[in-house]
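In my numbering, the protein residues as written are 1199 to 1385.
C-beta: ideal position from N, C-alpha, C; glycine also.
Please read the structure below before turning to the comments.
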Amino acid sequence: MGIDLENKHKRNKNRKEPRSEDPYLRLLVKLYRFLSRRTQAPFNRVVLKRLCMSRTNRPPLSLTRILRYSQDQSQRDKIIVVVGTVTDDARQETIPKLRVCALRFTERARARILRAGGEVLTFDQLALRSPTGSNTLLLHGPKNTREAVQHFGAPGVPHSSARPYVRAKGRKVERARGRRSGKGYKK
């Protein structure tokens, strides 16, 4: 039996446990590790994987997006599950009755869901209610809407929409080459 030279330095890059020392998060990981082992439901495996993710990979989800993804009546009856934070959106005037389970809720998001006659659940309550994830809708927020992502790439290069890091956005700052056709080129 020889050495597998091709896969010698390969390793599984998925986290086995969260970096956070938060005891409540660690208890949830313990619970969903048990559920993913004992039930063959893929839902529990996905939730466990997401609980171990970094904050960047657990982006927040607004109430507007939750409503967009649960528009038809068949999905309104389901419990909406978000492994992350649920935030409020002031642009949304009215929200229907929703049942939402998430790691965190902002104060206003929680108040609005409850005021509409909805229900706010934690993951341990969800595990008691739906241990296999049946009758749930698992969602996650948009990952690339962070401000930092807008700076990825090479700013100033033709046809690049990467935003430069500038000290100010005034008249005198970074308004010459590449910004005006009279100064070299216009992007």
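Beta-bridge pairing of residue i - partner residues as DSSP gives them
i	result
residue 1285	1260
residue 1334	1277
residue 1386	Nothing can be reported for residue 1386: it is not among the residues displayed for the chain, which extend from 1199 to 1385.
residue 1317	1297
residue 1376	1384
DSSP state of residue i mapped onto helix, strand, coil
i	result
residue 1305	helix
residue 1300	strand
residue 1384	strand
residue 1291	coil
residue 1369	coil
Of the listed residues the options, nearest to residue i (C-alpha basis)
i	options	result
residue 1266	1256, 1257, 1278	1278
residue 1338	1349, 1301, 1371, 1382	1301
residue 1382	1356, 1287, 1303	1356
residue 1322	1345, 1231, 1252, 1206	1231
residue 1216	1287, 1250, 1240	1250
residue 1318	1283, 1272, 1287	1283
residue 1272	1228, 1354, 1333, 1227	1333
residue 1310	1270, 1252, 1324, 1285	1285
Cut-off 8 Å between Cβ atoms - residues of its own chain near residue i, not counting five sequence neighbours on either side
i	result
residue 1289	1262
residue 1365	1371
residue 1268	1274, 1276, 1278, 1296, 1335
residue 1384	1376, 1377, 1378
residue 1223	1216, 1249, 1301
residue 1312	1318
Residues of its chain near residue i, where Cβ-Cβ distance is below 6 Å and the 5 sequence neighbours each way are ignored
i	result
residue 1242	1230, 1233, 1234
residue 1336	1279
residue 1287	1260, 1261, 1262
residue 1314	1293, 1295
residue 1306	1286
Residues near residue i by beta carbon distance below 7 Å, same chain, minus five either side
i	result
residue 1363	1349
Legend entry - Inter-stretch contact at 8 Å, needing at least 3 Cβ pairs: the segment 1316-1335 / the segment 1231-1246: yes
Inset, instruction - Examine the Cβ distances between the segment 1251-1258 and the segment 1337-1353 and report whether three or more of them are shorter than 8 Å. - result: Pairwise C-beta distances place the segment 1251-1258 in contact with the segment 1337-1353, as three or more of them are shorter than 8 Å.
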